[in-house]
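Please read the structure below before turning to the comments.
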Ligand SMILES: NC(=O)c1ccc[n+]([C@@H]2O[C@H](COP(=O)([O-])OP(=O)(O)OC[C@H]3O[C@@H](n4cnc5c(N)ncnc54)[C@H](O)[C@@H]3O)[C@@H](O)[C@H]2O)c1
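Numbering (the numbering used here), first residue to last: 10 to 398.
Put into structure tokens, the structure is as follows:
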């Protein structure tokens, strides 16, 4: 790293206001220009097939380890993608093995918390698929632990990175839509068929699917102050590849109302029982999955917030004519989160993805479960830096 980037790196860590001068990355500031961020991927199932090739496109990141308790999956990923990584059958062996800087957690949702804690305890930065912990309180504790060790913790999703999110946020901030009152987000399909954990306690359509809309709507409208929700199980039994016939324990149908500042109310609807003619792909999806209503204009995201296909809007200023904007993804891909934060750390710039935002979404999910159990409106405590753009 040259003197200028070293200076920028140190300024960044100082200005972040928290202990973010991560010890294992300190060497980058001192070291050679060609230093790469060494990462370890844990969980070599379905989503790793999207993450690994994306990580391999980075000149700044090297995948040095692959790990899965179904060890043959780590071997298969190594071979299929030509990774040349060390492979491990569990996290303990991986932490004792090849040194690395950041762990990328892509396992069953329920075990993220324990794995992320082990990695942080071992001095590793962590990018975690959602959720980063099983509860907001533990997620916050993990963040405090990471900060006390001068490490970074990050949580999926990466929806705030899309040019469409940026466009919508700027439109809202400009005031062109007038006084905002309401918004809606939705995401569903007929549910994963490969693993039982999606339907077991701690799983469900909220942490798997609704999480994207919650991140988008809070990212656009600001942190939620309270939540009311109705959750249900529509399909009580499923057949999945890893365990055969299972009883569904987690909600597979969820409606949430979020209260934001300035009396804005938003609604999220998600579930594992939504017929979608595009299945798990959304390249050609035309659905307006995010809708924002203001006194002088409305705005609709075309496609999903993780697979963005454009923004339609009509305002007083456009004489009510529908305008189509931002039909180009500008390189944004939902699977880019770990690559983006990894490269940002190396370059010494703060990415838009923010861990406090991911924690806020986790608190919303937990509050929705509590609201369903109690029939009550649940107040939230967490906030995150906003506006994000
Ligand atoms: N599949 C997708 O398209 C997709 C997209 C975005 C996000 N996600 C998220 O990614 C995560 C994983 O989903 P998936 O669909 O890849 O699931 P999956 O079941 O296909 O893969 C999970 C893998 O983790 C492994 N694993 C479980 N416990 C482990 C442990 N303790 N140590 C090491 N490995 C362990 C399993 O053996 C399995 O191979 C979830 O949080 C999910 O919400 C998935």
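For glycine and all other residues, C-beta sits at the position ideal for the given N, C-alpha and C.
Whole-angstrom C-beta distance between residue j and residue i, which should lie under 8 Å
| i | j | result |
| --- | --- | --- |
| residue 261 | residue 242 | 6 Å |
| residue 367 | residue 164 | 3 Å |
| residue 320 | residue 176 | 5 Å |
| residue 277 | residue 228 | Not confirmed; about 13 Å, so no contact. |
| residue 124 | residue 100 | 6 Å |
| residue 292 | residue 330 | Contact doesn't hold; Cβ gap of about 27 Å is too wide. |
| residue 70 | residue 351 | 5 Å |
| residue 302 | residue 191 | 5 Å |
| residue 52 | residue 74 | Not confirmed; about 12 Å, so no contact. |
| residue 187 | residue 304 | 4 Å |
Any non-hydrogen atom of ligand 3 within 8 Å of residue i CB
| i | result |
| --- | --- |
| residue 236 | This structure does not include ligand 3; its bound ligands are ligand 1. |
Which residues DSSP lists as bridging residue i, in chain order
| i | result |
| --- | --- |
| residue 135 | 112 and 162 |
| residue 249 | 253 |
| residue 277 | 194 and 265 |
| residue 388 | 235 |
Buried versus exposed call for residue i [16 or more other C-beta atoms within 10 Å across all chains shown]
| i | result |
| --- | --- |
| residue 115 | buried |
| residue 379 | exposed |
| residue 333 | exposed |
| residue 289 | exposed |
| residue 381 | buried |
| residue 195 | buried |
| residue 385 | exposed |
| residue 184 | exposed |
| residue 318 | buried |
| residue 286 | exposed |
| residue 31 | Here residue 31 scores only 45 on pLDDT, less than 50, and its place in the model should not be relied on; the value that follows carries that caveat. Counting Cβ neighbours within 10 Å, residue 31 comes out buried, since at least 16 surround it. |
| residue 66 | exposed |
| residue 41 | Reliability fails at residue 41, whose pLDDT of 41 lies under 50, so the model's placement of it is uncertain and the value that follows must be treated cautiously. It counts as exposed. |
| residue 215 | buried |
| residue 87 | buried |
| residue 388 | exposed |
| residue 247 | buried |
| residue 394 | exposed |
| residue 2 | This structure cannot speak to residue 2, because the chain is shown only from 10 to 398. |
| residue 110 | buried |
| residue 327 | exposed |
| residue 221 | buried |
| residue 232 | buried |
Enclosing alpha helix (DSSP H) for residue i [first to last residue]
| i | result |
| --- | --- |
| residue 300 | From DSSP, residue 300 is part of no alpha helix (DSSP H) but of the beta strand (DSSP E) over 299–303. |
| residue 420 | Residue 420 is absent from the structure shown; the chain starts at 10 and stops at 398. |
| residue 403 | Within the shown structure, residues of the chain are numbered from 10 to 398, placing residue 403 beyond reach of any answer. |
| residue 60 | 57–65 |
| residue 81 | 80–89 |
| residue 54 | Here residue 54 belongs to no alpha helix (DSSP H), and DSSP marks it neither H nor E. |
| residue 352 | 346–356 |
| residue 224 | 220–230 |
Range covered by the beta strand (DSSP E) that runs through residue i
| i | result |
| --- | --- |
| residue 128 | Run containing residue 128: none in the beta strand (DSSP E); it sits in the alpha helix (DSSP H), 121–130. |
| residue 273 | Taken as a continuous stretch (DSSP letters only), residue 273 belongs to no beta strand (DSSP E), as it is neither H nor E. |
| residue 238 | 233–241 |
| residue 71 | 70–76 |
| residue 46 | 46–51 |
| residue 105 | Note, residue 105: premise wrong, no beta strand (DSSP E); alpha helix (DSSP H) at 100–105. |
| residue 208 | Segment: none, residue 208 is in no beta strand (DSSP E) and carries neither H nor E. |
| residue 341 | Looking at the DSSP string, residue 341 is not in any beta strand (DSSP E), and its letter there is neither H nor E. |
| residue 96 | 95–97 |
Below-9 Å beta-carbon distance, residue i vs any chain C residue
| i | result |
| --- | --- |
| residue 274 | Checking the listed chains, one finds no chain C in this structure; it contains a single protein chain. |
Length-filtered (3 minimum) beta strand (DSSP E) runs lying within the segment 283–333: Every unbroken stretch of the beta strand (DSSP E) spanning 3 or more residues and falling wholly within the segment 283–333 is given here in chain order: 299–303, 306–312 and 317–324.
Segments assigned beta strand (DSSP E), at least 3 residues, entirely inside the segment 175–203: Runs of the beta strand (DSSP E) inside the segment 175–203: 189–197.
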